[in-house]
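Counting from 554, one number per residue, gives the positions in the sequence shown under this note's numbering. Built from N, CA and C at the ideal position, the CB exists for glycine as well.
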Amino acid sequence: MRILTLLLLMFPTLAGAVTLTLDRTIELASDSSLMAFRYRNQYQAEYWQWVSYRAQRLPSLSLDLMPASYNRYMTQRYDSQQNIDVYRQQQMYSASAGLSISQNFDLLGGSFFAETDLSYMRNFGNNTFTQFSTVPVRVGYRQSLIGFNQFKWDRRIEPIKYEKARMELAYNMESVSEQAVGYFFDLALAQAEFKLAEENVASCDTLYTIGERRYKIAAISHADLLTLQLDKVNARNNLENCRITLQRAMFSMASFLGFEKNTHIDLVLPGRPVAIDIPTADAIAYAKLNNPTLLGHKASILEAERDVNRTTVESRFNASVNASVGFNQVADNLSRAYSNLLRQDIVQVSISVPLVDWGVRKGKINMAKNNLNIARIQARQDELSIEEDVIMTVSDYNVRRELVSSASEALDLAEMAYAQTQQRFIIGKADVNAVTMALNRRREASKNFVSALQNYWASHYKIRRLTLYDFTMGLPLTDIVEYKAFGTK
554 MRILTLLLLM
564 FPTLAGAVTL
574 TLDRTIELAS
584 DSSLMAFRYR
594 NQYQAEYWQW
604 VSYRAQRLPS
614 LSLDLMPASY
624 NRYMTQRYDS
634 QQNIDVYRQQ
644 QMYSASAGLS
654 ISQNFDLLGG
664 SFFAETDLSY
674 MRNFGNNTFT
684 QFSTVPVRVG
694 YRQSLIGFNQ
704 FKWDRRIEPI
714 KYEKARMELA
724 YNMESVSEQA
734 VGYFFDLALA
744 QAEFKLAEEN
754 VASCDTLYTI
764 GERRYKIAAI
774 SHADLLTLQL
784 DKVNARNNLE
794 NCRITLQRAM
804 FSMASFLGFE
814 KNTHIDLVLP
824 GRPVAIDIPT
834 ADAIAYAKLN
844 NPTLLGHKAS
854 ILEAERDVNR
864 TTVESRFNAS
874 VNASVGFNQV
884 ADNLSRAYSN
894 LLRQDIVQVS
904 ISVPLVDWGV
914 RKGKINMAKN
924 NLNIARIQAR
934 QDELSIEEDV
944 IMTVSDYNVR
954 RELVSSASEA
964 LDLAEMAYAQ
974 TQQRFIIGKA
984 DVNAVTMALN
994 RRREASKNFV
1004 SALQNYWASH
1014 YKIRRLTLYD
1024 FTMGLPLTDI
1034 VEYKAFGTK
């Protein structure tokens, strides 16, 4: 029996009905909802971008091949005997292969490299000959002397962007939990009202039957009897309206959780919340540490500083160097191409000096500086806004925790008052107005209790979203959510 119950919970579409708690609803939403699926895939894209960045910091090995190249064409040649230029037919076949390894040097922004090359060429025609050209080994370094160092900025920005992606995943999954709380209590309220409406129909039928008996013995007036009849009609109309509302709420929740549309869902309301004291200062500290918006601003400020550095450096003259040392040889066969190697030294220095640009460089620098100021101001504004949101949410959380207890007590009192008033009406010690007022108080107390629970749990998960910290367990949320996004990595 226990196994069957678990299967029904795991596969509700097979059973057509399922009973859910709030925790189970949030678990299903985090696992199966379309929004959770989208957020996980969004994080995975960011994760593989981070993996790609880390791979770029490692040595890269590449093989360049040109297996065959055949050319037949007319080319201009100088005839020394006639002292004129003439066109001659040229046929040539060539092939080449090269292997290279390179490593970025982040500190200076340059790259070390090592290469080896082999080329083959054969000419056809009157002068047929074959040549092999080899570079057994060549090592070197290329560097922009005073240019922009992209590697240095990437080392500072990319880890923050990845950390922001991790925090954003946890943040978005907590927003899914908040939505699940909303759907859960919308359905809980609809079910509570439907249950009350059913009880109200039965109660009104009973009261009207008793009213008819008492009217026959002149214990109540005809107006009171008509009032009881009107209550009976209104109760049945209200029951149908509550049925429609319940069906819509159940349909919405089933769609959100990925169930079949006709799945019947019964809910078990959570009990009274456990008293947990959340210090406002701790909540603010966790929000500033973990909030993805603030991490995003940190990355944006670094990117703006990078742009200022780039535009400032590029506005000056630019110089670069490319130096290498190695060996090479040319011969008519492959073995001699690797014998008696000759020294090959290459040193290239290039300089680019901007002379007149009519203020383009100055404008780019000023734009970059203004963008940096905007990024800093926006970051400060959002930090103050998040801090205010955390303070208000923690305050609401503490108040709403107490309201749940008050609403629960009010509901107990309203149910007892209605039961007693109903009994007093049956024995003729209460009138119709007293019964109606007691019924309305009971209905209002039931709605207030469900609303109090909803407000409390909404505040609870909003604090989790803002701080990305579980104060109940005393654990950060990022590691748990990242594990669920990939499973065991």
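Please work out which residues of its chain come closer than 7 Å, Cβ to Cβ, to M619, disregarding the five sequence neighbours upstream and downstream, and give them in chain order.
A648, S649
Environment of L1028 [buried if 16+ CB atoms lie within 10 Å]:
exposed
Specify the secondary structure class of L652 as computed by DSSP and reduced to three states.
strand
How would you call W601, buried or exposed, if buried means at least 16 neighbouring beta carbons within 10 angstroms?
exposed
I'd like to know whether the C-beta atoms of R695 and G879 end up nearer to each other than 8 Å.
no
Taking the beta strand (DSSP E) that P620 belongs to, which residues open and close that run?
613 to 632
Looking at the secondary structure, which residues open and close the alpha helix (DSSP H) in which F523 lies?
The chain is shown from 554 up to 1042; residue 523 falls before or after that span and cannot be answered.
According to DSSP, which residues form a beta bridge with V821?
T574
Reduced DSSP secondary structure (H/G/I, E/B, other) of A776
helix
Which residues in the same chain have their Cβ closer than 8 Å to the Cβ of S868, if we skip the five residues on either side of it in sequence?
P907, R914, K915, K917, I918
Cα separation between S885 and T628?
Inspection of the sequence shows that residue 885 is occupied by Asp rather than by Ser. Their backbone Cα atoms lie some 23 Å apart in a straight line.
Classification of F590 by the beta-carbon crowding that lies within 10 angstroms, buried from 16 upward
exposed
D898, enclosing beta strand (DSSP E) - first and last residue
895 to 905
Going by C-alpha to C-alpha distance, which of N680, S664, K717 sits closest to N702?
S664
Going by DSSP, what residue range makes up the beta strand (DSSP E) through R675?
663 to 677
Straight-line CA distance for Y1009 to K851?
32 Å
Please report how far the alpha carbon of R789 lies from the alpha carbon of T759, in whole angstroms.
13 Å
Where the alpha helix (DSSP H) containing P845 begins and where it ends:
845 to 867
Quick one: grab the DSSP three-state call for I944.
helix
Would R1043 pass as a contact of D638 if the rule is Cβ separation under 8 Å?
Residue 1043 lies beyond the residue range present for the chain, which begins at 554 and ends at 1042; the question has no answer from this structure.
Enumerate in chain order the residues of its own chain whose CB-to-CB distance from P845 is below 6 Å, with the five nearest sequence positions on each side excluded.
K717, M720, E721, Y724
To the nearest angstrom, how far is the alpha carbon of S774 from that of E727?
58 Å
Going by beta-carbon coordinates alone, are A582 and L810 separated by less than 8 Å?
yes
Let's see if you can read the secondary structure: which residues bound the alpha helix (DSSP H) around S605?
587 to 609
Quick check: the region 569 to 576 against the region 812 to 826, are there 3 or more CB pairs under 8 Å?
yes
From T669, D632, M645, residue whose alpha carbon lies closest to that of L531:
There is simply no residue 531 to check, as the chain begins at 554 and stops at 1042 in what is shown.
Separation of A621 from Y640, as counted between CA atoms:
25 Å
Any idea which residues DSSP pairs M645 with across the strands?
N624, N676
Going by DSSP, what residues sit across from F682 in a beta bridge?
N676
Using the Cβ count rule (16 or more neighbours within 10 Å means buried), how would you classify V861?
buried
Using C-beta distances below 6 Å, list every residue in its chain close to S853, excluding the 5 sequence neighbours before and after it, in chain order.
A928
What are the uninterrupted segments assigned as alpha helix (DSSP H) that are 4 or more residues long and contained completely in the region 757 to 811, given in chain order?
775 to 810
Going by C-alpha to C-alpha distance, which of Q656, T1020, V874, A598 sits closest to V900?
V874
Leaving out five residues on either side along the sequence, give the residues of the same chain with a beta carbon under 6 Å from the beta carbon of R675.
Y646, T683
Straight-line CA distance for R610 to E711?
12 Å
Does the count of Cβ pairs from the region 733 to 751 and the region 794 to 810 closer than 8 Å reach three?
yes
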